[in-house]
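Comments concern the structure below.
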Ligand code: DUC
Ligand code: ZN
Ligand code: ZN
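Residue numbers (this note's numbering): 1 to 466.
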């Protein structure tokens with residue numbers, strides 16, 4: 001079936017143009033100057049709307065086991081919420097638990113996702129242990145499974161943590177097989193000392209989660225990861241959920257020196273703060289316990305991160321979607337902040353939250369699309385199938401209404417959470433229509449997609465590999 005999206009303004013990383021988009025089946029086949037398209041029976045009127053590539057969220061954790069519980073979104077609920085919010089591809093993190101064979105961890109992740117996703121999906125692999133066997137498995141995953149990025153943790157000793165020797169070995173392997181190393185850059189052993197000391201002083205409230213993870217320990221780990229990557233012959237390195245000015249300085253310095261180093265940030269670090277959210281009265285702040293943590297509003301983190309997005313020292317905005325309900329899940333940390341499951345859910349809201357940055361004059365329209373769709377697709381080997389409106393690309397398209405308004409609330413969101421980190425927020429702009437591979441799955445507030453229509457995407461190597 002052919003379909004024409006007519007009358008809209010197509011926005012891509014190089015700017016905005018009035019154009020009509022012709023779709024045949026699942027694929028974009030042509031762009032036409034306004035009015036130049038042949039007569040087509042099926043038309044979607046996009047007058048007054050931005051026509052953007054479906055957004056790509058390169059960092060989600062559906063059903064992640066963490067802190068004695070599981071992230072509360074399944075692949076069904078989480079990808080449905082993502083779709084409604086204009087995200088048409090997620091890259092979730094499959095997990096190798098410590099002691100587990102990587103292929104078994106991957107098979108378990110396919111077991112959770114396959115047949116349940118509303119949108120297309122791919123996986124990164126969390127390495128819960130670096131040894132001869134897992135290093136060999138990295139080659140296999142890159143060559144055969146479409147997994148070309150591996151996350152390591154400098155934090156969480158005893159859980160996901162890798163020491164510097166393990167990190168170096170994985171980086172050397174990645175340098176050989178073309179994979180990207182993704183790094184959770186926080187100095188876990190040092191954080192554990194601060195956490196123990198805080199608890200001994202009786203400091204148990206959620207805000208101490210942030211106070212025991214100072215930005216210096218994010219900056220130090222970021223710098224160490226960069227130097228280790230340098231020792232590994234400039235293995236490509238991607239710093240996840242960067243939150244702090246001093247960590248950004250390390251990335252900017254490496255990039256200025258021509259290093260193969262990239263970083264993402266997340267909406268929570270662009271908008272929310274240690275004092276106003278994590279420091280909310282009583283136990284309320286548990287809703288905003290995530291790692292890396294929210295940073296102080298009395299320092300320049302948020303302004304620096306917006307600037308980093310403009311200068312490309314930050315290349316991508318992902319969500320690190322890792323939702324936990326307040327009741328029974330966040331509550332596991334009542335009386336001890338270190339037991340609060342780490343994570344914030346916002347897979348549904350990233351497109352809107354970043355559009356607010358355009359409205360506020362912090363980001364150009366083109367950069368909005370680039371950071372939420374095009375660059376994540378290029379960074380992780382999904383381009384040009386995803387992340388761009390061009391002939392040959394999948395017809396993953398969002399019609400965005402700049403005159404609409406979005407109000408965020410747990411009462412109306414679609415994520416499986418009993419609260420929202422963004423409760424009561426009002427945003428200028430609204431997702432109007434969402435197409436996934438040519439099928440309209442959301443329009444005018446009505447959802448018509450279904451679980452199981454999403455396909456697993458085998459990814460290639462990063463476009464930014466040198
Ligand atoms: N950070 C979180 O906030 N949640 C899950 C894992 C992580 O690194
Ligand atoms: Zn992490
Ligand atoms: Zn994460």
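For each residue, glycine too, the CB sits at the ideal point set by N, CA and C.
Residue j beta carbon less than 7 Å from that of residue i
i	j	result
residue 398	residue 52	yes
residue 376	residue 43	no
residue 438	residue 26	yes
residue 454	residue 148	no
residue 175	residue 233	yes
residue 269	residue 245	no
residue 207	residue 285	yes
residue 379	residue 72	no
residue 336	residue 212	no
residue 217	residue 186	yes
residue 124	residue 91	yes
residue 294	residue 210	yes
Cα-Cα separation between residue i and residue j, rounded to whole angstroms
i	j	result
residue 466	residue 260	7 Å
residue 11	residue 349	19 Å
residue 358	residue 371	12 Å
residue 219	residue 296	15 Å
residue 150	residue 162	12 Å
residue 153	residue 223	14 Å
residue 88	residue 197	44 Å
residue 278	residue 33	49 Å
residue 146	residue 122	8 Å
residue 183	residue 237	7 Å
residue 156	residue 190	10 Å
residue 3	residue 445	21 Å
residue 327	residue 426	25 Å
residue 158	residue 58	26 Å
residue 396	residue 77	19 Å
residue 498	residue 83	The chain is shown only over 1 to 466; residue 498 falls outside these bounds and no answer can be derived.
residue 164	residue 442	46 Å
residue 383	residue 462	9 Å
residue 301	residue 200	29 Å
residue 86	residue 181	27 Å
residue 107	residue 17	43 Å
residue 188	residue 131	20 Å
6 Å Cβ shell around residue i - same chain, five flanking residues per side excluded
i	result
residue 95	105 and 126
residue 254	226 and 261
residue 338	195
residue 241	266, 292 and 320
residue 98	128 and 129
residue 50	9, 11 and 400
residue 411	none
residue 215	244 and 246
residue 330	286, 324 and 340
residue 110	none
residue 406	352, 427 and 430
residue 263	239, 242, 251 and 314
Ligand 3 heavy atom lying under 6 Å from the CB of residue i
i	result
residue 92	no
Any non-hydrogen atom of ligand 1 closer than 6 Å to residue i Cβ
i	result
residue 322	yes
residue 117	no
residue 290	yes
residue 111	no
residue 342	yes
Neighbourhood of residue i by C-beta, 7 Å cutoff - its chain only, sequence neighbours within 5 removed
i	result
residue 30	22 and 391
residue 13	366, 369, 370 and 374
residue 1	25 and 42
Minimum C-alpha distance to residue i - residue among the options
i	options	result
residue 36	48, 19, 25 and 47	19
residue 320	265, 381, 332 and 238	265
residue 45	458, 165 and 5	5
residue 340	49, 38, 67 and 8	67
residue 179	210, 201, 143 and 160	143
residue 343	134, 48, 356 and 61	61
residue 393	205, 28 and 3	28
residue 167	93, 408, 257 and 229	229
residue 408	424, 419 and 347	424
residue 171	263, 54, 115 and 139	139
residue 258	301, 235 and 280	235
residue 456	384, 75 and 202	75
residue 136	102, 108 and 300	102
residue 459	402, 436, 385 and 403	385
residue 402	303, 388 and 48	48
residue 420	347, 281, 464 and 114	347
Contacting residues, own chain, Cβ-Cβ under 8 Å from residue i (five flanking each side not counted)
i	result
residue 252	308, 311 and 313
residue 363	306, 309, 310, 354, 357 and 371
residue 80	118, 414, 447, 449 and 451
residue 440	44, 433, 434 and 448
residue 249	219
residue 298	275
beta-carbon residue i near ligand 2 non-hydrogen atom, thresh 6 Å
i	result
residue 184	yes
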